[in-house]
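Contents: one structure, followed by commentary.
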Amino acid sequence: MRSRIWILVAGVIVAGVLVGFFVTRFLNPTPPQIAATTTSTTLQGRPVVSLNLTTVAAVGTAGQGNGEHPNWVGYLPTTYLKVPAGAVVHMTIDQQDGQTGLRNEYFGLVRGTVNNQMTLNGKVMSALDAPLAAHTFTIPDLGVSVPLEGVADNAPANAQEVIEFDFVVPDKPGLFRWQCFVPCAAGTLYGNGGPMQTLGYMAGELQVG
Ligand SMILES: [Cu+2]
5 MRSRIWILVA
15 GVIVAGVLVG
25 FFVTRFLNPT
35 PPQIAATTTS
45 TTLQGRPVVS
55 LNLTTVAAVG
65 TAGQGNGEHP
75 NWVGYLPTTY
85 LKVPAGAVVH
95 MTIDQQDGQT
105 GLRNEYFGLV
115 RGTVNNQMTL
125 NGKVMSALDA
135 PLAAHTFTIP
145 DLGVSVPLEG
155 VADNAPANAQ
165 EVIEFDFVVP
175 DKPGLFRWQC
185 FVPCAAGTLY
195 GNGGPMQTLG
205 YMAGELQVG
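Under my numbering, read the sequence shown as residues 5 to 213, first letter to last.
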């Protein structure tokens with residue numbers, strides 16, 4: 005009789021642990037995060053850290069979700085980023101996707117970066133023609149937004165556009181949502197479904213501190 009009670013108790017505990025895992029890991033998974041690389045440079049008296057992302061038309065099995073949506077557009081290796089508080093983030097994005105175009109031309113402006121500028125393949129720019137955009141890198145709460153030029157249809161295979169910019173993050177730790185504002189999710193309603201609505205593809209989190 006006693007041993008039966010213990011088997012029952014053990015069973016309830018095991019079931020509880022499994023439910024706990026289901027809730028925390030499956031329903032609300034914590035995706036892997038990449039941390040910015042420290043550099044020996046300073047800008048405006050702040051340490052400069054660097055991050056390198058790649059935007060692709062289809063993430064394959066390399067991106068978020070371990071191949072759950074191989075045909076979804078996305079940022080690689082992830083959209084979960086971590087940077088130290090008070091740093092200048094030097095971002096390099098290898099943009100390999102085609103031109104979708106912006107619906108809202110405002111996002112063609114480079115905003116909130118150092119000097120409100122970016123470089124596109126080494127050339128300093130402060131705006132991009134709306135139809136040329138493939139994606140944007142936008143952190144609304146920090147006022148940062150950078151349009152990323154798409155690769156032209158007639159470009160050679162493996163062509164990419166390299167976009168670089170710097171932005172300052174707050175001195176206090178915080179969590180900031182970021183996303184793309186090009187409706188780039190081909191095949192979904194108004195291009196705003198699927199990867200535009202799922203963290204890890206065209207949206208993510210910037211953890212400061
Ligand atoms: Cu996008």
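Beta carbons: idealized from backbone N, C-alpha and C, even for Gly.
Only a predicted model underlies this, so the values are computations on that prediction, with no experimental measurement involved.
Asked                                                                                                           : Found
Inter-stretch contact at 8 Å, needing at least 3 Cβ pairs: the stretch 125-136 / the stretch 172-183            : no
Beta-carbon proximity check, Gln-99 vs His-139, cutoff 8 Å                                                      : yes
The stretch 155-175 / the stretch 186-206 touching (three or more Cβ pairs under 8 Å)                           : no
Met-122 classed as buried or exposed, judged by whether at least 16 other C-beta atoms fall within 10 angstroms : buried
Nearest-angstrom Cα separation, counted from Lys-86 out to Pro-151                                              : 21 Å
Neighbourhood of Thr-42 by C-beta, 6 Å cutoff - its chain only, sequence neighbours within 5 removed            : Val-53
Val-63 beta carbon near ligand 1 (any heavy atom closer than 7 Å)                                               : no
C-alpha gap between Tyr-110 and Gly-71, whole angstroms                                                         : 34 Å
Neighbour-count burial assignment, Leu-136, 16 or more Cβ in a 10 Å radius                                      : buried
CB-CB length for Pro-35 against Tyr-84, believed under 8 Å                                                      : 5 Å
Sequence-distant residues of the same chain with beta carbon closer than 7 Å to Thr-45, five excluded per side  : Val-52
Own chain partners of Thr-65 with C-beta closer than 8 Å, once the 5 adjacent residues on each side are dropped : Gly-71, Pro-74
Alpha-carbon spacing of Ile-11 relative to Phe-25, whole angstroms                                              : 21 Å
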